[in-house]
Amino acid sequence: MKSPFKFLDAYTINDREVFFGRDQEITELYRRVFEGKMLLVYGISGTGKSSLVNCGLASRFDESDWLPVSVRRGSNIIDSLNDAFNKEALTKLKKNQSVSERLQSIYLDHFKPVFLIFDQFEELFIFGSQEEKEGFIKIIKEISESETQCRIIFVIREEFLAGMTEFESELPEIFINRFRVEKMKRANAINAVEGPCKVYGIETETGFSEELIDKLCPGGNEIELTYMQIYLDRIFRLATAEIESENVKFSGDLLARAGSVSDLLGQFLEEQVYEMDVPETGMSILKSFVSVQGTKKQMTAQEIGESIKAFGTGISEPDLIRYLEKFVDLRILRERDEAGHFELRHDALAAKIYEKFTLSEKELLEVRQFVENAYQAFSTRKTWLNNEDLEYLAPYEKSLFLSPALTQFVKQSKEKLHSQQRALKRLTRIVAIIFIGLIGLGIRYYFKQKNTQEIRENTVFALLQEKVDPLTSINTAFKIREEDTLSSLVQGIIIRSFHSLLNGKISAGDSSVPQEFLPVSIPVKDSICSFRMNRSGTHLYGWSSGNEIILLDLKDSRVTTFSVPDPVLVIEMSDDAKYFAVIYKNSTGEVFTSSGEKIFDFQTSPNHLMNNRLVRFFPPGKYFLAVVKDNTAEIYDSTGTVIYRLEGHTGSVNSLDISPDGRFVVTASSDKNALIWNYNNRIFKFTPYDTIEGHLDTVWSCEFNKTGKYIITASGDSMLRISDLNGYQRERFLTFTTNTSGSRLSTLFLPSESSNDTKQKYLWADTSLNLDAHNKKICDARFASNDRAIISSNYSYDMPGCEKTQGIFRTEVVYFGQSYNNYSLYDYYLTKARNKYSDWSQQYINCWEISPDRQFYAAVPRLGNDIIVSMSNGYQMLSLKGSNPMFSFDGKYLYYINDRKLGRLIVSLNEIYSFVFEKKVFGDPGSGNLMWLLL
Amino acid sequence: MAVINEDLIQKVFVEMVKYRPALAKYMPDKDENEEIDLRIIADLVIKNFPWPAGVELRRLFSGSMRQLGRQRLDQIFKTIERTIQFVSFVMVCQVWYDVTNKKIVLPDQVRKEFADRFQVLTMGNFCWLIRALATAYSEQKVEWFLPEMNEQFDKKFFAAIDFWVPERNEIGHYQINLDEGEIEKRCVEYEEKLTMILQRISFFAKYRLVSVRDIKVIKPRIHEAKFHHIIDLLNSSDSDFKGEEIDETKFSDSQSVLLMKSIKSFDDYLNLSPLIIDTNSEVIDAKEKFDIRKDIFMYTKYRSGHLMYLGTEVTEKCDLRALSNYNILLEEYKALMLAIGGIEV
């Protein structure tokens, strides 16, 4: 015989015939459900809320007026809601449909008012994340505001009612329509006992129900329904165990045999657990179904398997399933649902099981719940456990036995935290370093500023001292230089002071002056026309207006002179200083030894403009001399025989040069080309190696650089060309172009495919600057300062500001070079140009020389008899009386000619230092300090 | 819903569109080969009938009634009964008004029979009411409040509604037991007949059934009085009626269920009280009122000074004597009976 009593299960619509004792509540509930769109049904655990709604209320509706959609939270209430919709929908729901559209569709499928019943609603507050709750509230709000035919019933345990206040702000009406389910009263309880008995034909002895109720609540008026259900079930089992027929009778005797009702549930639980093979294991399994609040929770078999480890129990999956099935049979657990969840039949059972928890187990449960909640939050919001969370977890980690997903979550949280901490440390370190650096920079800046101020003050001192006490001035300047090595002013002070001291001593005929500083007399009768250094830097040579050739050995300052018969146009010395080639103004030439012994004659063809490169000596070897002759160049041997003639130009050859290794000869011609010649071993003669094309006018000069890899040509078309000689068939031609960009003028040597690039712009095209000197044709160009500068000779037939002259007006211009691609105008000119001196001649320099390190520049202006020595930044350091400035190869000295004497200016500060401080040539440099201090 | 109800829905809807052209947008565009969602059309049919008829139609369309079984058969009976009841009540209310205003004089026979029949209403009584009153109006050429009644309530219609009386009595009251096959057959047949009647009364879609829950007077000092009406629209498929608030320079009858020609104006309406009442506005402020359900009720009988009603949504019987306006309803009923039936009750 089937029991009419539901034990711990809730009543459903199918149990309406045995649902008694709740008529008043049902009536009230039925009335309230139409009061509004939402109804809140609450009460303490075990009062039968779910039964009241799912059975009592449901039975009041006709089938066509009641479409219940029951929703349990499961793992997520929103997902469960959607699952419930999908279950009820006859027409497939679309993913992009809103909740109200889905509800409407379900209504239209069934044409029954929908009743959304959220049973065990407290699970949302026990297990749900904040995000889940917020999402759920939005859904409920949408439903309540829509016109969908739907009413919502929340069934919730009373103790969690406060949690509903979260909903109130969005759903203010949520508490308006509510119904509290109270414990069943005695009279109703009697009805609840007798009613099912009558329906099932169970005879009850007179007074049985009253006696039963008395036993359940002696002296009280409220019945624990769970106890009543369990007790009735027990009585029924007792009754049916004894009687085989269908005539079951409930009697007082049965009641007595059923035993005490005190802790009925606890007893029941213990009895059932005792039935297990290993009761401890059974209890551990049951404990898995209890939440930290002591309520029941749904669990899958896998989750249980993980969870019970925390209770110190391990179990295989088959054994676990066996236990679970047994618990289902014993009516402690419900049947597994579609999602694979098991759960306790009643919260009362959960409360009883919770009493069995030890303190540490409760703690572990709390911690486990904490991790599960955190994992849920992570699933939606990607928030990891923070440091505090991990510290909280740490003592329990080993005992938790979390599922693999949770374990991974904890592990990754730790890794994240560590990497964040590392990153923070790194950042802190970087910030500290930057901060310290900034402080350091600040301090440094402060001291630098202080230093700069001191330097300025000392520089002013040094300047003041220079005129009065050059030695002290040098001392001060060197002290300044210890702090500031770049100051041109300080350098100038040192050099000027030293020069002043030296000149003073020389003028005074002081014998302590080192020999090397004394001017070297050049014993010629007439004025010196030209004086220059040979390519190897070992000798100086020149000639006088009296046709005397001068040779000076820089090593020992020995001077050799000899006379030549005719007025000299230009002379050239061999690199080894053994030979001279003298070209006379009558276009003839002679070769002499350095002692003046004539070797042979030769013919050449000078021009009106550029005669510096009419003749060149070969390095010691097979060939001796190359000479310009009309449209050719002739190569002589040492006996004076023309051994080769370089024929190829269609115009007169103006210049030639020989590469430092003697392999190549370059000739510049009026035919607007320059030809590169090379000895051809197959045909045993010099042939053109390649042609430098692109000039638009006479090519006046050509010169190899120090390495012999580049050739610079200068033309009357105002262009300089640097050609790359790499030995291949076709050289890469770099065309000289200029580019004006603002105030900074630069000359750019850009690769160009066409040699006739007409897009060139000229330096002097910028009319904002007065750069007349450069607006000229070019007759010569040479590399200087180890090829890092170019000095060009520019010419014109007009002098600016004057009427046409009959002569040729020349000037030299300096270009700095960063590379063979990039040369820029020496600042000296820009300074002049920016100042817009009305006197154009300020820019005109007869002769430029540059020190090898490009620090110093010596210029002989067009006007005046001085040599202006300036620095790379254009600062004019000093002026010397004289001409023909030449820097020594080591850059230490500047040689110059002053009234038939060779003067020497030390420009090397190290040298000056040595003489002043080490050799103390001028005495103790610090002797004047005290006086200046006092001043 | 498949085949069951489909014919009914489509035919009734087509008729409704004639009276309420705005519904035409839900008709499928045949040129575009559009398919209609029959569910939506069914919902529109429900909503565009007055609530007492609409709610029964909803039940007929519901999932549990889609099998050709006894349940469906009973529901068809119920639907026709409630529908005819409603129609008859509309007519009676107008008659009461017209008689009182001497627009019509009912024949004595009609009056006498009215007095006999009206205190206990049955399907047969509803049918009689419709026929008798329609005939009287037709003979005296008095216009109905709903002019469509003049055209639609003809002999054919009367015959159609008369058909139901014996069927209802025999089959509906289980005086004849039918087997499954017969039930199925009847379901189909009755659906067709129901369709015909619903088509004939589809003009109701043009009118709105409202419940005036409250009227507030707004009378600033120098302005004309305005009457703020709080109403529920009873054309709904759910008892969660949509509320509206309308300000009018006139006032209607409060705490009444009205059949209105247009919701925008209270110029033309028919008060259906005390035959159809709304208890939704009743405040349950006394123990005696606990049993009062919030619903639209229709009068069923009068016995021993007690007016009895039956809910439309709440299917159980409900004693409404505790209603705050019960006495007024009683008065109205007595006045109605006196005016039409010529008797004092």
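Chains E and X supply the protein sequences, listed in that same order.
Sequential numbering from 1 applies to the first sequence in the numbering used here.
Sequential numbering from 1 applies to the second sequence in the numbering used here.
Beta carbons are placed, not taken as given, at the ideal position from N, Cα and C, and that holds for glycine.
This one's a predicted model, so the numbers in the text were calculated from it and none came from an experiment.
For residue i, which residues in chain X fall below 9 Å Cβ to Cβ?
i               : result
L116 of chain E : The premise fails here: L116 of chain E is roughly 14 Å from chain X at the closest Cβ pair, so nothing lies under 9 Å.
Within the 8 Å Cβ cut-off, does residue i reach chain E?
i               : result
I4 of chain X   : no
M65 of chain X  : yes
F61 of chain X  : yes
R58 of chain X  : yes
K74 of chain X  : According to the sequence displayed, residue 74 of chain X carries Asp and not Lys. Chain E, which has no Cβ nearer than 8 Å to the Cβ of D74 of chain X, makes this no.
D278 of chain X : no
S262 of chain X : no
K294 of chain X : yes
I358 of chain X : This structure cannot settle anything about residue 358 of chain X, because the visible part of chain X is limited to 1 through 345.
I40 of chain X  : yes
D43 of chain X  : yes
Taking residue i as the reference, which of the options has the closest Cα?
i               : options                        : result
G311 of chain X : X:S239, X:Y269, X:L259         : X:S239
D319 of chain X : X:F297, X:A339, X:L338, X:K334 : X:F297
R72 of chain E  : E:I126, E:F111, E:K777, E:K622 : E:I126
K881 of chain E : E:L894, E:C702, E:Q491, E:R322 : E:L894
V665 of chain E : E:D717, E:I676, E:L39          : E:I676
F19 of chain E  : E:K49, E:L696, E:E454          : E:K49
D601 of chain E : E:A508, E:E634, E:E280         : E:E634
E222 of chain E : E:V261, E:S594, E:E182         : E:E182
D484 of chain E : E:A508, E:L501, E:K448, E:I434 : E:K448
Y396 of chain E : E:A310, E:E271, E:H418, E:D23  : E:A310
M38 of chain E  : E:W384, E:I117, E:Q24          : E:I117
M228 of chain E : E:K249, E:F250, E:L264, E:E203 : E:L264
V120 of chain X : X:R293, X:K261, X:L275         : X:L275
F478 of chain E : E:G21, E:M1, E:P925, E:E25     : E:P925
V559 of chain E : E:V814, E:E391, E:I722, E:R900 : E:R900
Kindly indicate if chain X contains any beta-carbon less than 8 Å away from that of residue i.
i               : result
R31 of chain E  : yes
P68 of chain E  : no
D23 of chain E  : no
H110 of chain E : yes
P113 of chain E : yes
Against residue i, what residues of chain E qualify as contacts under a CB-to-CB distance less than 8 Å, listed in chain order?
i               : result
T315 of chain X : D62, D65
D319 of chain X : Here the premise fails: no neighbours, minimum Cβ distance about 13 Å.
I80 of chain X  : Under the 8 Å cutoff, chain E gives no residues; its nearest Cβ is about 16 Å from I80 of chain X.
For residue i, which residues in chain X fall below 8 Å Cβ to Cβ?
i               : result
Q412 of chain E : Going along chain X, no residue has its Cβ under 8 Å from Q412 of chain E, so there is no contact; the nearest lies around 49 Å.
Q149 of chain E : S237, D238, D240
K37 of chain E  : D240
F34 of chain E  : S239, R293, K294, D295, E313, V314
Determine contact between the segment 523-538 of chain E and the segment 917-930 of chain E, defined as no fewer than three beta-carbon pairs at a distance below 8 Å.
no
Inter-stretch contact (C-beta, 8 Å, three-pair minimum) for the segment 123-133 of chain X and the segment 73-85 of chain X
yes
Taking 8 Å as the cut-off, does the segment 387-402 of chain E touch the segment 358-372 of chain E (at least 3 CB pairs, one atom from each stretch)?
yes
Is the segment 41-50 of chain X in contact with the segment 73-82 of chain X, if contact means three or more CB pairs nearer than 8 Å?
no
Counting beta carbon pairs with one atom in the segment 68-84 of chain E and one in the segment 134-151 of chain E, are three or more of them shorter than 8 Å?
yes
What are the start and end residues of each continuous beta strand (DSSP E) run of 3 or more residues lying completely inside the segment 678-707 of chain E, in chain order?
685-692, 699-704
Report yes or no: do the segment 185-200 of chain X and the segment 226-234 of chain X share at least 3 C-beta pairs separated by less than 8 Å?
no
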